[in-house]
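Each remark here refers to the structure printed beneath this line.
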């Protein structure tokens, strides 16, 4: 009986979505998550990126486009496995999903920005990364002679 019910459900899903469309299974942000906020300009950039990938009349984007957005918002130095682990923190069933909504995108990026993998807030990590660009010899200080050629 379970098999018949499951087969019936699958057949109705195929009728509703058509033979070439996939059933959407979207990742959702946790309802009670106190993860902080993004700076306003970063939140606006994130919204703009998400809107860029949206198709007319849709409220979700496919997983592969979501990963493109992640690369621009602090995930570029992480390996694929690290990214998957980070996403599982937001939605344990993430790997079974094939699309995401804006709330989930905002949640993941905000979590990474405020906490990060190394427990350093994203803005501090970003400042240290910029400093390391000038500190080529890893001396933990920079001089105006090292900055001047870059800014000239």
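In this note's numbering, the protein residues as written are 59 to 210.
We put the CB at the ideal spot given by N, CA and C, even for glycine.
Source: prediction; values computed, not measured.
According to DSSP, simplified to helix, strand and coil, what is residue 168? helix
Determine the burial state of residue 119: buried for a count of at least 16 other Cβ atoms within 10 Å of its Cβ, exposed for fewer. buried
From 158, 150, 210 and 129, residue whose alpha carbon lies closest to that of residue 171: 129
First and last residue of the uninterrupted beta strand (DSSP E) at residue 200: Taken as a continuous stretch (DSSP letters only), residue 200 belongs to no beta strand (DSSP E), as it is neither H nor E.
Could you check how far apart the C-beta atoms of residue 205 and residue 189 are, in whole angstroms? I think they sit under 8 Å. That pair is no contact at about 11 Å.
Once the 5 residues before and after residue 199 are set aside, which same chain residues still bring their CB inside 8 Å of it? 193
I think residue 292 touches residue 162, with their Cβ atoms under 8 Å apart; what is that distance to the nearest whole Å? Because the chain is modelled from 59 through 210, residue 292 falls outside the range shown and cannot be assessed.
Would residue 197 be called buried (16 or more neighbouring beta carbons within 10 Å of its own) or exposed? exposed
Return the Cβ separation of residue 167 and residue 121 in integer angstroms, given the expectation that the two are a contact with Cβ distance under 8 Å. That belief does not hold up - the Cβ atoms of residue 167 and residue 121 are roughly 15 Å apart, past 8 Å.
Can you give me the start and stop residues for the beta strand (DSSP E) that residue 120 sits inside? 118-120
Name the DSSP bridge partner or partners of residue 157? 84 and 120
Return helix, strand or coil for residue 207, following the three-state DSSP convention. helix
Quick check on residue 106: does DSSP put it in helix, strand or coil? helix
Is residue 123 closer than 7 Å to residue 111 when the C-beta atoms are compared? yes
Determine the DSSP secondary structure at residue 126, reduced to helix, strand or coil. helix
Taking all protein chains shown into account, decide if residue 117 is buried (16 or more other Cβ within 10 angstroms of its Cβ) or exposed. exposed
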